[in-house]
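Student: Handing you this structure, nothing more for now.
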Amino acid sequence: MRKDPTSFTDVLLDISSWQFPSSHLLLIYINTALNLQFRIRTKPLPRHPRYFHMASNSDLIKLAQKLASEGPHKAQETPRRVRALFNGQYAFDTTKAFHVWEHPYYPQLYIPTSSFLPSATLTKTTPIDNTHNTAHLATLTIGTKSTDRVVIFNTSTLKDLIKLDFPAMDQWFEEDVPIYQHPKDPYKRIDILPSSRSVKISLAGTVLAETSHPLFLLETMLRTRYYLPPTSVKWEYLRKSSTETYCPYKGKANYYDVVIGGKEWRDVVWYYVYPTAESAAVAGCLCFYNEKVDVEVDGEKDAK
1 MRKDPTSFTD VLLDISSWQF PSSHLLLIYI NTALNLQFRI RTKPLPRHPR YFHMASNSDL
61 IKLAQKLASE GPHKAQETPR RVRALFNGQY AFDTTKAFHV WEHPYYPQLY IPTSSFLPSA
121 TLTKTTPIDN THNTAHLATL TIGTKSTDRV VIFNTSTLKD LIKLDFPAMD QWFEEDVPIY
181 QHPKDPYKRI DILPSSRSVK ISLAGTVLAE TSHPLFLLET MLRTRYYLPP TSVKWEYLRK
241 SSTETYCPYK GKANYYDVVI GGKEWRDVVW YYVYPTAESA AVAGCLCFYN EKVDVEVDGE
301 KDAK
């Protein structure tokens, strides 16, 4: 039986050997890996405000040290207008942000120091060890609210660029569109294709859904997902789950558990009530987690 990952190596093995159900579940695994990698501490830190500040940002420190020594996987300027709200005001407004791939899976947005607005105060606090003075922890303050989830870079690749931890901002925007979870990868594409092929979903020998009008969702580097009309599903086997996940390409996903003969399978089905514009076609349709159920397409079993 497969165990839950307990180390960074375990998660990397999962990432390299699994086909993930969709980008929002891939993100769960990636974030687990990054947290395991960047949050391990080898000894307690002294009880001093400076050390508490550094301890609370240990992941940013590790990241900055890595980027200062090795550079990012990729970095490129984007022409999109990028803004972020913080304490009810925009902290910056720029058309010169950079997509920076800190790891291979998706980018973050780094902001030029010159793009911050007068209402925002940036203060360098601590030089980061082992970066040759090319990375500093900092604070961003607007009014009475501050965050220390900030790194100011001055490397050859990331010169005068600032990383703001994505969840530290109240809301990010690309042009006038809110973005969630993380910035979209400009090299990722989603196609949603109506099909007349039959799709049947079973679990433990029980048919859960069957349709000849599925939607095939194809997402770059991920396996095909089959979205089924709600009228094709046997609802007596579904029970609402409290789980929610977010995907920058599709929006907020809600889940159902499957219960058959008193046995429960958690979060087997997900759906989007209000998907993003690019994924609007799947609104209200249900997608079964291929790796947890048996899927037949035109009578042929889909690989788990």
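If you use UniProt numbering, the sequence shown corresponds to residues 1 to 304, in order. Just so it is clear, CB atoms sit at the ideal spot from N, CA and C, and this is done for glycine as well. Just so it is clear, the structure is predicted and the values come from calculations on it, not from any experiment.
1) So, under 8 Å CB-CB, leucine 137 and aspartate 148 are touching, yes? Tell me the CB distance rounded to an integer number of Å.
2) Identify the residues that DSSP records as bridge partners of glycine 251: which are they?
3) By Cβ distance below 7 Å, which residues in the same chain neighbour residue 311 in space, the five residues on each side in sequence not counted?
4) In the DSSP assignment, find the unbroken alpha helix (DSSP H) run with glutamate 70 in it and report its ends.
5) Suppose the cutoff is 8 Å on Cβ atoms and the five residues either side in sequence are ignored; what does the same chain contact list for glutamine 76 look like?
6) Going by other Cβ atoms of all chains shown within 10 Å of its Cβ, with 16 needed for buried, is threonine 144 buried or exposed?
7) Histidine 182: buried (16+ other C-beta within 10 angstroms of its C-beta) or exposed?
8) Specify the secondary structure class of alanine 277 as computed by DSSP and reduced to three states.
9) Taking buried to mean at least 16 other C-beta atoms within 10 Å of its own C-beta, is phenylalanine 20 buried or exposed?
10) Does proline 79 pass the burial test, meaning 16 or more other C-beta atoms within 10 Å, or should it be called exposed?
11) How long is the line joining the alpha carbons of valine 269 and glutamate 244, rounded to whole angstroms?
12) To the nearest whole angstrom, what separates the beta carbons of valine 199 and valine 297, a pair I think is in contact under 8 Å?
13) State the start and end residues of the unbroken beta strand (DSSP E) segment that holds serine 114.
14) Would you call threonine 211 buried or exposed, if buried means 16 or more other Cβ atoms sit within 10 Å of its Cβ?
15) Express the C-alpha separation of alanine 253 and tyrosine 289 in angstroms, rounding to a whole number.
16) From Lys62, Leu215, Glu264, Gly261, pick the residue whose C-alpha is nearest to that of tyrosine 271; which is it?
17) CB leucine 60 to CB aspartate 165, shorter than 8 Å?
18) Just how far apart, CA to CA, sit serine 196 and alanine 209?
19) To the nearest whole angstrom, what separates the beta carbons of threonine 126 and alanine 68, a pair I think is in contact under 8 Å?
20) For glutamate 175, which residues in the same chain have their Cβ closer than 8 Å to its Cβ, ignoring the five residues on either side in sequence?
21) Can you name the start and end residues of the beta strand (DSSP E) that serine 202 belongs to?
22) Where in the stretch 168-236 do unbroken runs of the beta strand (DSSP E), each at least 3 residues long, occur, reported from the N-terminal end onward?
23) In whole angstroms, give me the CA-to-CA distance for lysine 43 and serine 58.
24) Tell me the rounded alpha-carbon separation between leucine 109 and lysine 163.
25) Sort Lys66, Lys96, Ala168 by Cα distance to histidine 132 and report the nearest one.
26) Look at the alpha carbon of isoleucine 201 and the alpha carbon of leucine 217, and state the distance between them as a whole number of angstroms.
27) Let's see if you can read the secondary structure: which residues bound the beta strand (DSSP E) around leucine 85?
Tutor: This is what the structure gives:
1) One-based indexing of the sequence shown puts residue 137 at position 137. One-based indexing of the sequence shown puts residue 148 at position 148. Contact flag correct, Cβ pair sits at about 7 Å.
2) Translated into positions along the sequence shown, residue 251 becomes position 251. Bridge partners of glycine 251: Cys247.
3) In this structure the chain extends from 1 to 304, so residue 311 is not present and cannot be described.
4) Sequence index remark: in the sequence shown, residue 70 carries index 70 (1-based). Its alpha helix (DSSP H) spans residues 58-70.
5) Along the sequence shown, one-based indexing puts residue 76 at 76. If we look at glutamine 76 and ignore the five residues flanking it on each side, its Cβ neighbours are Phe98, His99.
6) By 1-based counting over the sequence shown, the position of residue 144 is 144. So threonine 144 ends up on the exposed side.
7) The sequence position of residue 182 within the sequence shown is 182, counting from 1. Buried.
8) Your numbering for residue 277 matches position 277 in the sequence shown. In this structure, alanine 277 counts as helix in the three-state DSSP scheme.
9) The residue labelled residue 20 in the question sits at position 20 within the sequence shown. Low local confidence applies: a pLDDT of 49 at phenylalanine 20 is under 50, so the model's placement there is unreliable, with the coordinate-based value given in what follows. Buried is the call here.
10) For the purposes of this step, residue 79 is taken as the residue at position 79 of the sequence shown. Proline 79 comes out exposed.
11) As a first step, residue 269 must be located in the sequence shown, where it is residue number 269. As a first step, residue 244 must be located in the sequence shown, where it is residue number 244. Taking the straight line joining both Cα atoms gives about 12 Å.
12) Taking the first residue of the sequence shown as 1, we reach residue 199 at position 199. Taking the first residue of the sequence shown as 1, we reach residue 297 at position 297. Yes, they are in contact, since the Cβ atoms of valine 199 and valine 297 sit about 6 Å apart, within 8 Å.
13) Counting from one through the sequence shown, the residue named residue 114 turns up at place 114. First-last for serine 114: undefined, no H or E at that position.
14) Within the sequence shown, residue 211 is the residue found at index 211, counting from 1. With 16 or more other Cβ atoms within 10 Å, it is buried.
15) Locating residue 289 in the sequence shown gives position 289, where the first residue counts as 1. Locating residue 253 in the sequence shown gives position 253, where the first residue counts as 1. Between tyrosine 289 and alanine 253, the C-alpha separation is close to 13 Å.
16) Residue numbering aside, residue 271 sits at position 271 when the sequence shown is read from its first letter. Of the candidates Lys62, Leu215, Glu264, Gly261, the one whose C-alpha sits nearest the C-alpha of tyrosine 271 is Leu215.
17) Taking the first residue of the sequence shown as position 1, residue 60 is located at position 60. Taking the first residue of the sequence shown as position 1, residue 165 is located at position 165. Judged by beta-carbon spacing, aspartate 165 lies within the 8 Å limit of leucine 60, meaning their Cβ atoms are closer than that value.
18) The count along the sequence shown starts at 1 and reaches residue 196 at position 196. The count along the sequence shown starts at 1 and reaches residue 209 at position 209. Cα to Cα, serine 196 sits roughly 15 Å from alanine 209.
19) For the purposes of this step, residue 126 is taken as the residue at position 126 of the sequence shown. For the purposes of this step, residue 68 is taken as the residue at position 68 of the sequence shown. Rounded, the Cβ-Cβ distance is 14 Å, inconsistent with contact.
20) Looking up residue 175 in the sequence shown gives position 175. Correct list, in chain order: Arg80, Arg81.
21) Numbered from 1 along the sequence shown, position 202 holds the residue referred to as residue 202. Its beta strand (DSSP E) spans residues 199-203.
22) 171-174, 177-179, 190-194, 199-203, 206-211, 215-219, 225-228
23) Counting from 1 along the sequence shown, the entry for residue 43 is found at position 43. Counting from 1 along the sequence shown, the entry for residue 58 is found at position 58. Caution is warranted here: a pLDDT of 44 is assigned to lysine 43, below 50, making its placement in the model unreliable, and the coordinate value is therefore given only provisionally. Distance between the alpha carbons of lysine 43 and serine 58: 12 Å.
24) Position 109 of the sequence shown, counting from 1, holds the residue named residue 109. Position 163 of the sequence shown, counting from 1, holds the residue named residue 163. Going by the C-alpha atoms only, they are around 7 Å apart.
25) Taking the sequence shown and counting its residues from 1, one reaches residue 132 at position 132. Among Lys66, Lys96, Ala168, the Cα nearest to that of histidine 132 is on Lys66.
26) In the sequence shown, counting from the first residue as 1, residue 201 sits at position 201. In the sequence shown, counting from the first residue as 1, residue 217 sits at position 217. Their Cα atoms are separated by approximately 16 Å.
27) Residue 85 sits at position 85 when you count from the first residue of the sequence shown. Run containing leucine 85: 82-86, per the beta strand (DSSP E) assignment.
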